[in-house]
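Enquirer: In order, the protein sequences belong to chains A and B.
The letter at position 41 of the first sequence is residue 41 when you use this note's numbering, and the numbering goes up by one with no holes.
The letter at position 198 of the second sequence is residue 198 when you use this note's numbering, and the numbering goes up by one with no holes.
Just so it is clear, CB atoms sit at the ideal spot from N, CA and C, and this is done for glycine as well.
2 protein chains.
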Amino acid sequence: MLFGGRKEDDETVVAMLASAIRRDISFGVLPPDEKLKIEALRQAYGGSNHSMSETLRMMAAEGLVEATSQRGFRVMSATQDDLEDILLMRLQTEKLGLKRSMDRGDVAWESNVVAAFHTLSRAEVAVVSRPDDVTALEWDEACRAVSETLLSACGSRRLIQMAGKFYNQSRRFRLALLREGRIDFAARAQRLERLQAAVLSRDEFAALNLLEDDIRADLGARQTTA
Amino acid sequence: MLFGGRKEDDETVVAMLASAIRRDISFGVLPPDEKLKIEALRQAYGGSNHSMSETLRMMAAEGLVEATSQRGFRVMSATQDDLEDILLMRLQTEKLGLKRSMDRGDVAWESNVVAAFHTLSRAEVAVVSRPDDVTALEWDEACRAVSETLLSACGSRRLIQMAGKFYNQSRRFRLALLREGRIDFAARAQRLERLQAAVLSRDEFAALNLLEDDIRADLGARQTTA
DNA sequence: TATCGGAAAAATATCCAACTTTTTTCAAAT
DNA sequence: ATTTGAAAAAAGTTGGATATTTTTCCGATA
Numbered sequence: 001m002l003f004g005g006r007k008e009d010d011e012t013v014v015a016m017l018a019s020a021i022r023r024d025i026s027f028g029v030l031p032p033d034e035k036l037k038i039e040a041l042r043q044a045y046g047g048s049n050h051s052m053s054e055t056l057r058m059m060a061a062e063g064l065v066e067a068t069s070q071r072g073f074r075v076m077s078a079t080q081d082d083l084e085d086i087l088l089m090r091l092q093t094e095k096l097g098l099k100r101s102m103d104r105g106d107v108a109w110e111s112n113v114v115a116a117f118h119t120l121s122r123a124e125v126a127v128v129s130r131p132d133d134v135t136a137l138e139w140d141e142a143c144r145a146v147s148e149t150l151l152s153a154c155g156s157r158r159l160i161q162m163a164g165k166f167y168n169q170s171r172r173f174r175l176a177l178l179r180e181g182r183i184d185f186a187a188r189a190q191r192l193e194r195l196q197a198a199v200l201s202r203d204e205f206a207a208l209n210l211l212e213d214d215i216r217a218d219l220g221a222r223q224t225t226a
Numbered sequence: 001m002l003f004g005g006r007k008e009d010d011e012t013v014v015a016m017l018a019s020a021i022r023r024d025i026s027f028g029v030l031p032p033d034e035k036l037k038i039e040a041l042r043q044a045y046g047g048s049n050h051s052m053s054e055t056l057r058m059m060a061a062e063g064l065v066e067a068t069s070q071r072g073f074r075v076m077s078a079t080q081d082d083l084e085d086i087l088l089m090r091l092q093t094e095k096l097g098l099k100r101s102m103d104r105g106d107v108a109w110e111s112n113v114v115a116a117f118h119t120l121s122r123a124e125v126a127v128v129s130r131p132d133d134v135t136a137l138e139w140d141e142a143c144r145a146v147s148e149t150l151l152s153a154c155g156s157r158r159l160i161q162m163a164g165k166f167y168n169q170s171r172r173f174r175l176a177l178l179r180e181g182r183i184d185f186a187a188r189a190q191r192l193e194r195l196q197a198a199v200l201s202r203d204e205f206a207a208l209n210l211l212e213d214d215i216r217a218d219l220g221a222r223q224t225t226a
């Protein structure tokens, strides 16, 4: 475990186990395709065999873990195909969600968008200067919050859920890019600023293109626009 | 339980419980928003409390059941909003999937499509003449098989999963329409025939429009095209 | 040497019974 | 009518026990 992030507040045991394992998968502590043996995990993370079993079953639904009947669980693979598949789904869900939010969002939504972008800009500065795991996690959370906020006015509960799920699946790849120093933060800052402006001025065409660029950059893909 | 559909073949206990409960939710035996108490379900469907708990947690991920921390589970609501949300997601996922399949599908895919449509046409005849629950279930399965086959060549594992998930969520609504005799099977037959023709002749525009019409009709929504 | 088969070991899946904590219910008191 | 708080119900958790399945490994056979 990277840092004993037990939020001993209100969460249930299964939820705590899930977030710990989720984090370790995101950071690659549990590498792709690794077998997840109940007993071993139980000793490493705590909890009973049942709790662990339920946790893994839950994470299988999230797409972070692969379940095979009577053969247990393993960390979801992270091949080029997976990356492209996740990229496709993120583009589809987030673009649609943003479009709908821009059609429906009110002033309160706009304020939330501004707030989320502001938080992110601070997190970007922090992660550039202090690239440890805690900062990385906070940066990633800020990114997620922006995405979530952008979609929050789309009016479709299921679309939001789906987008969140695929964002979670993409975490591993983004954090790997960060670790390898392959993120151009200057370009990012510019892109995010333009995205925020486009969203607030309700320039749908520009916003969707910028969002697409951002998601592609997030996953290390080539840009569409020059 | 409608009919003790235990497939005592290979499935695990949790899988059997899930398919039994899934079916009872689809048929409305377990109505929307009904509280699902572990102990009561355990007695009705069998299995231990853990098996039931895992089953419900799994079904929550499928979107057929709603889980609230420390407050148990209830059958997912089935409001007009839910219907429209599911409709939106089915349109998005299935249209994109079909488009991609039509770009990529080979002759083997075409053969599968023809086969699936043929099976469905037989099931349609059966469900019109003999509208009992078993026939309804077979008809529904044939519909699902067509949808799954249409998407099978789309090249995106996650897209296929999503589409299947939302199809499952829409089952309740389709079966309700069927029960209430609100399905125009003549129009359906025509639509399906035209859809198959459009798909096979790779007429993307026509195919996507027909698919949209079919999904909308499936969920009792107004048609877009006159 | 390769592989085939089957015993041994490991791991999963399941159940039972008890216990803790949280939520819900319900009736009495303000 | 609202609040309060104790009793009841239900969810969450655990440990241990057992059955079933998968994997591993080793010797026999071709």
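Could you tell me whether the segment 97-108 of chain B touches the segment 141-155 of chain B, using the rule of 3 or more Cβ pairs below 8 Å?
Expert: Because the criterion of three Cβ pairs below 8 Å is met, the segment 97-108 of chain B and the segment 141-155 of chain B touch.
Enquirer: Would you mind working out which of A:Glu54, A:Glu180 and A:Leu137 sits nearest Phe73 of chain A, comparing C-alpha positions?
Expert: When each option's Cα is compared against that of Phe73 of chain A, the closest is A:Glu54.
Enquirer: State the CB to CB distance for the pair Met89 of chain B and Phe173 of chain B, rounded to an integer number of angstroms; the pair is presumed to be in contact (CB under 8 Å).
Expert: Not really, about 13 Å apart at Cβ, beyond 8 Å.
Enquirer: Along the chain, where does the beta strand (DSSP E) that runs through Glu66 of chain B open and close?
Expert: It spans Val65 to Thr68 - the beta strand (DSSP E) in which Glu66 of chain B sits, taken as one unbroken run.
Enquirer: Against Asp24 of chain B, what residues of chain A qualify as contacts under a CB-to-CB distance less than 7 Å, listed in chain order?
Expert: Result: empty, since nearest Cβ-Cβ is about 20 Å, beyond 7 Å.
Enquirer: Leu192 of chain A and Leu98 of chain A look like a contact to me (Cβ under 8 Å); what is the Cβ gap, rounded to whole Å?
Expert: Not quite, the Cβ-Cβ distance comes to about 14 Å (not below 8 Å), so this is no contact.
Enquirer: When the distance is taken between beta carbons, is Ala116 of chain A closer than 8 Å to Ala145 of chain A?
Expert: Yes.
Enquirer: Would you verify that the beta carbon of Gln92 of chain A is, or is not, closer than 8 Å to some beta carbon of chain B?
Expert: True, the Cβ-Cβ gap to chain B drops below 8 Å.
Enquirer: Chain A beta carbons: is any one of them nearer than 8 Å to that of Asp85 of chain B?
Expert: Yes, Asp85 of chain B counts as interfacial toward chain A.
Enquirer: Would you verify that the beta carbon of Thr12 of chain A is, or is not, closer than 8 Å to some beta carbon of chain B?
Expert: Yes, contact with chain B.
Enquirer: In chain order, which alpha helix (DSSP H) runs of at least 4 residues are fully inside the segment 71-159 of chain A?
Expert: Correct list: 80-104, 107-129 and 133-151.
Enquirer: Quick one: measure Cβ to Cβ for Met59 of chain A and Ile21 of chain A, integer angstroms, because I've assumed they're closer than 8 Å.
Expert: The pair is a contact, with the Cβ atoms about 7 Å apart (cut-off 8 Å).
Enquirer: Going by Cα to Cα distance, which pick from B:Val113, B:Ala217, B:Ser48 and B:Glu62 is closest to Asn168 of chain B?
Expert: The residue with the shortest Cα to Cα distance from Asn168 of chain B is B:Glu62.
Enquirer: Using the Cα positions of Asp180 of chain A and Val29 of chain A, report the straight-line distance between them to the nearest angstrom.
Expert: Sequence inspection shows Glu at residue 180 of chain A; the Asp mentioned does not correspond to that position. For Glu180 of chain A and Val29 of chain A, the distance between alpha carbons rounds to 15 Å.
Enquirer: Does DSSP classify Leu36 of chain B as helix, strand or coil?
Expert: It is a strand residue.
Enquirer: Could you tell me the alpha carbon to alpha carbon distance between Thr140 of chain A and Tyr45 of chain B, rounded to whole angstroms?
Expert: Rather than Thr, the amino acid found at residue 140 of chain A in this sequence is Asp. So the two alpha carbons sit approximately 43 Å from each other.
Enquirer: Taking Met162 of chain A as the query, report the chain B residues whose CB atoms sit under 7 Å from its CB, ordered along the chain.
Expert: What Met162 of chain A touches in chain B: Met162.
Enquirer: Which one of B:Thr149, B:Arg122 and B:Glu212 has the shortest CA to CA distance from Thr136 of chain B?
Expert: The sequence shown places Ala at residue 136 of chain B, not Thr. The residue with the shortest Cα to Cα distance from Ala136 of chain B is B:Arg122.
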